[in-house]
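Just so we're aligned, residue 15 is where the sequence shown starts under our numbering, counting upward by one. Heads up, the beta-carbon is just placed ideally off N, CA and C, and yes, glycines get one too. Since we're looking at a predicted model, the values are computed, not measured. A quick write-up on the structure given underneath.
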Amino acid sequence: MSREHEWVDEEAGPVVRPYAVARGRTKPASSSALDLLATVASTGLPVPAKAELSGQHRRLLTAVSGQTRPVVEISSDLGLPVGVVRVLLGDLLEHGLVTVRPPRDKAVTATESLLQEVINGLRAL
């Protein structure tokens with residue numbers, strides 16, 4: 015039996031409580047803002063020898079490998095509470111294994127009226 019399935023019982027679900035996954039921590043070690051809509055990407059760097067990564071850390075790294083995803087989506091896919099994912103991401107940030115970008119400011123995003131103007135301009139060509 016692989017270690018990945020060691021913590022799951024088919025009928026009962028996860029056997030390990032979320033606070034145990036986060037090693038009793040409730041806040042990430044890094045000071046980076048890990049907003050729900052912040053996007054996370056793997057840096058592709060190898061895991062340092064000094065890093066003590068759990069199976070959940072490795073699952074999280076796999077979830078962001080080759081793509082950029084929001085924190086809330088990662089949490090949903092892994093079936094872990096957002097608070098736990100933030101703690102795990104903080105660990106990965108400390109080791110330089112992921113990058114986190116804050117969510118885009120609403121003032122910077124295009125409005126529907128602006129997009130409509132672009133469409134109209136393209137049609138006029």
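With fewer than 16 other CB atoms across the displayed protein chains lying within 10 angstroms of its CB, arginine 137 is exposed.
The Cβ atoms of arginine 115 and threonine 53 lie closer than 8 Å to each other.
Here the stretch 64-72 lies against the stretch 105-119, with 3 or more beta-carbon pairs under 8 Å apart.
The three-state secondary structure of valine 85, taken from DSSP, is helix.
Per DSSP, arginine 118 is not a residue of any alpha helix (DSSP H), being assigned neither H nor E.
Short of 7 Å from the beta carbon of histidine 71, and not among the five residues preceding or following it, lie these beta carbons of its own chain, in chain order: Leu102, Asp105, Leu106. With contacts defined by Cβ atoms closer than 8 Å, valine 85 and valine 99 form a contacting pair. According to DSSP, threonine 53 shares a beta bridge with Pro84, Arg115.
Rounded to the nearest whole angstrom, the CA to CA distance from alanine 77 to aspartate 119 is 25 Å.
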